[in-house]
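Read left to right, the sequence shown gives residues 17 to 135 (my numbering).
Heads up, the beta-carbon is just placed ideally off N, CA and C, and yes, glycines get one too.
A short worksheet on the structure shown next.
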Amino acid sequence: MKIAVTSRGADLDAQVDPRFGRAAYILIVDPDSFAFEAINNEENLNAMKGAGIGAASLIIDKGAEVLLTGSCGPNAFKTLKSANVKVAVGAFGTVREAVTSFKEGKLRFAEEADVEGHW
17 MKIAVTSRGA DLDAQVDPRF GRAAYILIVD PDSFAFEAIN NEENLNAMKG
67 AGIGAASLII DKGAEVLLTG SCGPNAFKTL KSANVKVAVG AFGTVREAVT
117 SFKEGKLRFA EEADVEGHW
């Protein structure tokens with residue numbers, strides 16, 4: 017399984033970025049080994065529009081099955097849902113802590129977007 021986590025930095029000890037589409041980085045993490053790939057999300061961070069859909073496409077292309085983030089808007093949520101990527105909102109702390117919380121069942125999957133577009 018691959019888990020995507022929005023992040024303010026490029027390593028597991030960076031803080032979770034509460035924004036999805038405009039997160040500084042997206043880390044693709046193996047929850048068993050904690051091996052990861054850091055993706056610079058600068059293109060979407062600075063996008064005039066469509067940041068959530070662009071970030072969702074990155075995650076889908078990397079084969080992530082789960083997204084851990086602070087919040088997720090409606091367009092990104094629909095894009096992720098259509099690719100069967102489950103979204104858990106309310107993640108916080110470091111990336112490592114968020115993945116551990118998910119593994120311990122402390123984060124729940126969202127049924128819908130939890131913020132409006134262009135949050």
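Which of the three DSSP states is assigned to T110 in this structure? Looking up residue 110 in the sequence shown gives position 94. Correct three-state label for T110: strand.
Does DSSP put F36 in a helix, in a strand, or in coil? Along the sequence shown, read from residue 1 onward, the residue named residue 36 stands at position 20. The answer is coil: DSSP assigns F36 none of H, G, I, E or B.
Cβ-based neighbour list, K78, same chain, cut-off 6 Å, excluding 5 preceding and 5 following: Locating residue 78 in the sequence shown gives position 62, where the first residue counts as 1. Residues I44 of the same chain have their beta carbon placed closer than 6 Å to that of K78, with the five preceding and five following residues left out of the count.
Going by DSSP, what residues sit across from E53 in a beta bridge? For the purposes of this step, residue 53 is identified with residue 37 of the sequence shown, where counting begins at 1. As DSSP reads the structure, E53 sits in a beta bridge with I44.
What's the gap between the Cα of W135 and the Cα of A71? Residue mapping note: residue 135 aligns to position 119 of the sequence shown, counting from 1. Residue mapping note: residue 71 aligns to position 55 of the sequence shown, counting from 1. Caution applies to W135, whose pLDDT of 49 falls short of 50 and renders its modelled position unreliable; the value that the coordinates give is listed next. Cα to Cα, W135 sits roughly 15 Å from A71.
Close Cβ partners of Y41 (< 8 Å) along its chain, the five nearest in sequence each way excluded: As a first step, residue 41 must be located in the sequence shown, where it is residue number 25. Around Y41: T22, S23, R24, G25, A26, A30, D33, A54, I55, N56 and N57.
If I follow the unbroken beta strand (DSSP E) through T85, where does it start and stop? For this step, residue 85 is matched to residue 69 along the sequence shown. Note, T85: premise wrong, no beta strand (DSSP E); not H, not E.
Leaving out five residues before and five after A63 in sequence, what residues of the same chain have Cβ atoms less than 7 Å from its Cβ? In the sequence shown, the residue the question calls residue 63 occupies position 47. Cβ neighbours of A63 beyond the five flanking positions: G70.
Under the rule that 16 or more other beta-carbon atoms within 10 Å means buried, what is S98, buried or exposed? In the sequence shown, residue 98 corresponds to position 82, counting from 1. By the neighbour-count rule (16 or more Cβ atoms within 10 Å), S98 is not buried but exposed.
Less than 9 Å separating the beta-carbons of G89 and F125? Looking up residue 89 in the sequence shown gives position 73. Looking up residue 125 in the sequence shown gives position 109. Contact: no.
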